[in-house]
Amino acid sequence: MSAPPYTLTRQVDPPPVIRLELMRPLSEAETAALADALEAEVAAAPTTVLVELNALPRYDRRLRQTLLALQRRITAHGGRAVYVADRPRLRGLALWVVHMAEDSQAKIVGNVAAATEWLRISDHRVAAAEEGTLSALGRLTKRRGGGS
Amino acid sequence: MSRRRSVGLRLAERVALRLIDGMSKAFLGFVPPVNEEAVRTLGVRGYFRWSTSTGKVMKTLADGLGEAESQLVIGFAGLWLGCGYCGAGHIHAGNLILFRDEGVLTPLSDEVIDELYETPDERAEGRLRELLSEPRYARILALVLRVYQLRAGAEPSGADDDYIALALTCWDWVTECTIVEGLEMRPATVPPLTPLAKNMALRERYAAARAAEAVERDPGEGDAG
Numbered sequence: 001m002s003a004p005p006y007t008l009t010r011q012v013d014p015p016p017v018i019r020l021e022l023m024r025p026l027s028e029a030e031t032a033a034l035a036d037a038l039e040a041e042v043a044a045a046p047t048t049v050l051v052e053l054n055a056l057p058r059y060d061r062r063l064r065q066t067l068l069a070l071q072r073r074i075t076a077h078g079g080r081a082v083y084v085a086d087r088p089r090l091r092g093l094a095l096w097v098v099h100m101a102e103d104s105q106a107k108i109v110g111n112v113a114a115a116t117e118w119l120r121i122s123d124h125r126v127a128a129a130e131e132g133t134l135s136a137l138g139r140l141t142k143r144r145g146g147g148s
Numbered sequence: 149m150s151r152r153r154s155v156g157l158r159l160a161e162r163v164a165l166r167l168i169d170g171m172s173k174a175f176l177g178f179v180p181p182v183n184e185e186a187v188r189t190l191g192v193r194g195y196f197r198w199s200t201s202t203g204k205v206m207k208t209l210a211d212g213l214g215e216a217e218s219q220l221v222i223g224f225a226g227l228w229l230g231c232g233y234c235g236a237g238h239i240h241a242g243n244l245i246l247f248r249d250e251g252v253l254t255p256l257s258d259e260v261i262d263e264l265y266e267t268p269d270e271r272a273e274g275r276l277r278e279l280l281s282e283p284r285y286a287r288i289l290a291l292v293l294r295v296y297q298l299r300a301g302a303e304p305s306g307a308d309d310d311y312i313a314l315a316l317t318c319w320d321w322v323t324e325c326t327i328v329e330g331l332e333m334r335p336a337t338v339p340p341l342t343p344l345a346k347n348m349a350l351r352e353r354y355a356a357a358r359a360a361e362a363v364e365r366d367p368g369e370g371d372a373g
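Structure, rendered in structure tokens:
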């Protein structure tokens, strides 16, 4: 019997989140079961979902599309998602998912501590990056005595 | 994000995209495959705000850290975020500058970029220390390690960190659009993301030196055709 491809748990300690940990790519039946289980969790009220990808040894096209579909459900129900991935390729996967789902509130971080920290604030990913760039650029330009 | 992906570019955006592609070609010598996605995501005004700011950031980083060092910091910032296109393209740019100025081939080859793309953060620092152990790479190693450390939550301290933090937040913005190309990339197919890419003679000398290095490392390599 193969190990389960994911776990889905409700964390009640603050901040309250649904934690989805993926361990391997999913079959079609497993994808459908996960979609139903997540829908049941996020449909009732806007919910934060923490998606852990660290245990994934690899991913395939189906998993990419599965994550995109799940992200769209979370967005549609007014929830928000934070993805935890400890290596670049998986962070790229998560960034691709939230970009394609057009969810500007979702976030990608490198560890659970950073995810927990992010959950305490309200953040608009793209706007925050733009504002952060312009303000850091302004500070450095001023320090260097530059003009434009 | 300006509007639904299912809606195509408007006529004015298509016209603007042709202009943008032409400007890219003149500046870099090629058209990056991310321009259309950037216009779709940010809109035309947003695109110009994005590209103008990015240009200023790159100049600020080059002035503050050095030309090659800034490219490598940007490359690792992009790579950490998961954009292989930004990662490979800017690491290539740093490599090319060091080859031009010092005649060296850094250990950051295409194979190594590919490997680092898969390397968990907890092992990346050790691997980078191995790769960049020669004294000539001490400053580059220190800068690149800070990319990982700042991303892991370290507090910025010192002037270099301010520049690295700028690269990180700016590439948060940049990779929002480049990720459409950056997920399934092979480093060897990504050109150096610098105006130096127009210097084909330099790029050919660099490619020949890399090929010779590969044959030296593995004499069987040259037989593969």
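Chains as they are written, first to last, in the numbering used here: chain A, 1 to 148; chain B, 149 to 373.
For each residue, glycine too, the CB sits at the ideal point set by N, CA and C.
Given the structure is predicted, the values throughout are model-derived calculations rather than measurements.
- In the assembly as shown, B/Asp320 is a buried residue. Its beta-carbon has 16 or more other beta-carbons within 10 Å.
- Annotation: B/Ala345 to A/Ile121 spans about 41 Å, alpha carbon to alpha carbon.
- Taking 9 Å as the cut-off, the Cβ atoms of A/Leu56 and A/Pro88 do not count as close.
- Taking the C-beta atoms as reference points, B/Gly214 is found no nearer than 9 Å to B/Ile327.
- Annotation: the continuous beta strand (DSSP E) that includes A/Arg10 extends over 6 to 11.
- Cβ contact annotation for B/Val187 (same chain, cutoff 8 Å, sequence separation greater than five): Leu157, Glu161, Ala164, Leu165, Ile168, Tyr195, in chain order.
- Within the region 277 to 305 of chain B, complete alpha helix (DSSP H) segments of at least 4 residues are found at 286 to 299, given in chain order.
- Considering only B/Tyr296, B/Val363, B/Thr342, the residue with the shortest C-alpha distance to B/Ile245 is B/Thr342.
- B/Ile168 carries a helical assignment under DSSP once its states are collapsed to helix, strand and coil.
- Pairing B/Gly330 with A/Ala45, the inter-Cα distance amounts to about 34 Å.
- The Cβ-Cβ distance between B/Arg275 and B/Glu263 falls below 9 Å.
- In its chain, beyond the 5 residues on either side, His238, Ala241, Gly242, Ile245, Thr342 have a beta carbon closer than 7 Å to the beta carbon of B/Gln219.
- In the three-state DSSP reduction, A/Ala29 falls in the helix class (H, G or I).
- Comparing alpha carbon positions, the residue from A/Ala127, A/Ser27, A/Thr48 closest to A/Pro15 is A/Thr48.
- By the neighbour-count criterion, in which a residue is buried when 16 or more other Cβ atoms sit within 10 angstroms of its Cβ, A/Leu95 is buried.
- B/Thr342 has a beta carbon lying at 9 Å or more from every beta carbon in chain A.
- Secondary structure note for A/Ile74: its alpha helix (DSSP H) is the uninterrupted segment 61 to 76.
- The region 105 to 121 of chain A makes contact with the region 71 to 81 of chain A, as at least three CB pairs between them are under 8 Å.
- Residue state for B/Leu316 is assigned as helix, using DSSP reduced to three classes.
- Interface criterion met: the Cβ of A/Trp96 is under 9 Å from a Cβ in chain B.
- Among the residues facing chain A, B/Ile327 is included, as its CB has a counterpart in that chain under 9 Å away.
- In terms of beta-carbon proximity, B/Arg197 lines the interface with chain A, with at least one pair separated by less than 9 Å.
- Residue B/Ala300 holds the alpha-carbon nearest to the alpha-carbon of A/Glu117 among B/Ala300, B/Val295, B/Phe247, B/Glu266.
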